[in-house]
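Enquirer: Numbering (the numbering used here), first residue to last: 8 to 159.
Sharing a structure here in structure tokens format.
Here's what the structure looks like:
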């Protein structure tokens with residue numbers, strides 16, 4: 008859809024906001040946007056957590072409890088959320104995690120004092136399951152009582 012848009016738009020998009028986390032890395036989209044000089048904002052960078060209360064994800068899908076993520080966190084003395092946000096930043100995306108908790112907000116900001124090694128980045132990339140939690144057809148109905156399918 009982005010390629011189609013670029014074929015006729017008068018004003019090129021500067022940024023593309025999409026769901027992106029280790030369960031849905033969207034490597035090809037990220038590569039395409041980079042080649043088109045379009046920045047990528049990654050929403051839901053912590054994965055399933057926001058979708059569990061909506062029955063759109065299961066508790067066992069929490070990437071913040073994945074052994075790969077927690078092991079990398081222990082190596083750096085960081086939380087799983089910090090590892091996930093650092094991974095997102097090192098990939099060149101702008102992650103936008105949701106939080107209302109002041110402690111979590113501070114934790115989310117404390118991701119610039121360490122760097123993930125290439126091997127750690129690859130281990131996280133390998134978690135990709137092409138698992139989309141925010142399908143607008145499903146999310147729109149559950150959250151807003153609006154049906155809007157775009158992935159079928």
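Every residue, glycine too, gets a C-beta built ideally from N, C-alpha and C.
All of these numbers come straight from a predicted model, not from anything done at the bench.
Please classify residue 43 as buried or exposed, where buried requires at least 16 neighbouring CB atoms within 10 angstroms.
Expert: Position 36 of the chain shown, counting from 1, holds the residue named residue 43. Counting Cβ neighbours within 10 Å, residue 43 comes out exposed, since fewer than 16 surround it.
Enquirer: Rounded to a whole number of angstroms, what is the C-alpha to C-alpha distance between residue 11 and residue 19?
Expert: As a position in the chain shown, residue 11 is number 4, starting the count at 1. As a position in the chain shown, residue 19 is number 12, starting the count at 1. Computed Cα separation, rounded: 12 Å.
Enquirer: Would you grab the beta carbon distance between residue 134 and residue 70 for me? Rounded to a whole angstrom, and I think it's under 8 Å.
Expert: If you number the chain shown from 1, residue 134 lands on position 127. If you number the chain shown from 1, residue 70 lands on position 63. 7 Å between Cβ atoms; contact.
Enquirer: In the structure shown, what three-state DSSP assignment does residue 102 receive?
Expert: The residue labelled residue 102 in the question sits at position 95 within the chain shown. Of the three classes helix, strand and coil, the one that applies to residue 102 here is strand, per DSSP.
Enquirer: Can at least three beta-carbon pairs, one atom from the region 123-138 and one from the region 75-93, be found at a separation below 8 Å?
Expert: yes
Enquirer: Pairs of beta-carbons, one from the region 101-108 and one from the region 47-67, closer than 8 Å: are there three or more?
Expert: yes
Enquirer: Please list the segments of the beta strand (DSSP E) lying wholly inside the region 16-95, counting only runs of 3 or more residues, in order along the chain.
Expert: 22-26, 46-50
Enquirer: Straight-line CA distance for residue 119 to residue 24?
Expert: Translated into the one-based positions of the chain shown, residue 119 becomes position 112. Translated into the one-based positions of the chain shown, residue 24 becomes position 17. Taking the straight line from one Cα to the other gives about 22 Å.
Enquirer: How far does the alpha helix (DSSP H) with residue 112 in it extend, from its first residue to its last?
Expert: What you label residue 112 is simply residue 105 of the chain shown in a count that begins at 1. That run of the alpha helix (DSSP H) goes 109-116.
Enquirer: Just the C-alpha distance for residue 28 and residue 79, rounded to the nearest angstrom, thanks.
Expert: Mapped onto the chain shown, residue 28 falls at position 21. Mapped onto the chain shown, residue 79 falls at position 72. Our two residues, residue 28 and residue 79, have alpha carbons roughly 16 Å apart in a direct line.
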